[in-house]
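Undergrad:
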Amino acid sequence: GDWRYLNESPKRTQAVTAEQIQQAARDYLKTENRNIAWYLRKQGTEAEDPEIAALPPQVKPMIKQQLAEIQKETDREKLEQGLSQIGQMMGQVPAQMKPALEYLVRKIQERIEALNAQGGK
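Take the position in the sequence shown, starting the count at 1, then add 1390; the result is the number in our numbering.
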């Protein structure tokens, strides 16, 4: 390759047929050519919540911090205030932030339900 590759590659990629891809799979993706890797978490670590994993990387630390605060909170009134604040923000945040706020709303509601079940204040 040289600099012309940048101009030619999209057209060449689009020219590949399904049959060519299937033939390449038959030729190269064989049992004797495979590698298997096992990934194990360290003992005592938990898998990341799939909903958090799906969030943009720059949002994750903030959501994890908020989630820790929610789990520590025992005052339902403060949690209700948090729900109200998020509700006010929901219409003003960029679309990519909405799943994060919706996640927090669900977690606050779950925490309120847990406190109600415990009979807390």
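Positions of the beta carbon are idealized from the N, C-alpha and C atoms, including for glycine.
These numbers come from a predicted model, not from an experiment.
(1) Where do the ends of the alpha helix (DSSP H) carrying residue 1473 lie?
(2) Just to confirm, are residue 1442 and residue 1450 a CB contact at a threshold of 8 Å?
(3) Within 10 angstroms of the Cβ of residue 1395, are there 16 or more other Cβ atoms? Answer buried if so, exposed if not.
(4) Just mark residue 1497 as buried or exposed, buried being the case when its beta carbon has 16 or more other beta carbons within 10 Å.
(5) Comparing alpha-carbon positions, which option in 1418, 1466 and 1495 lies nearest residue 1478?
(6) Check the C-beta distance from residue 1466 over to residue 1505 and give it rounded, since I have them as a contact under 8 Å.
(7) Measure from the alpha carbon of residue 1484 to the alpha carbon of each residue in 1446, 1419 and 1417, then state which is nearest.
(8) Give every residue of the same chain whose Cβ lies closer than 8 Å to the Cβ of residue 1488, excluding the five residues on either side of it in the sequence, and list them in chain order.
TA: According to the data block:
(1) Membership of residue 1473 in the alpha helix (DSSP H) is indicated by the continuous run 1466–1480.
(2) Cβ distance < 8 Å, so residue 1442 and residue 1450 count as in contact.
(3) Residue 1395 sits exposed, since fewer than 16 C-beta atoms from the chains shown fall within 10 Å of its C-beta.
(4) Counting the other Cβ atoms within 10 Å of the Cβ of residue 1497 gives 16 or more, which makes it buried.
(5) Residue nearest to residue 1478 within the set 1418, 1466 and 1495 is 1495 (criterion: CA-CA distance).
(6) Indeed they touch by this definition, with Cβ atoms about 5 Å apart.
(7) For the residues 1446, 1419 and 1417, the minimum Cα distance to residue 1484 belongs to 1446.
(8) Excluding positions up to five away in sequence, the list reads 1480.
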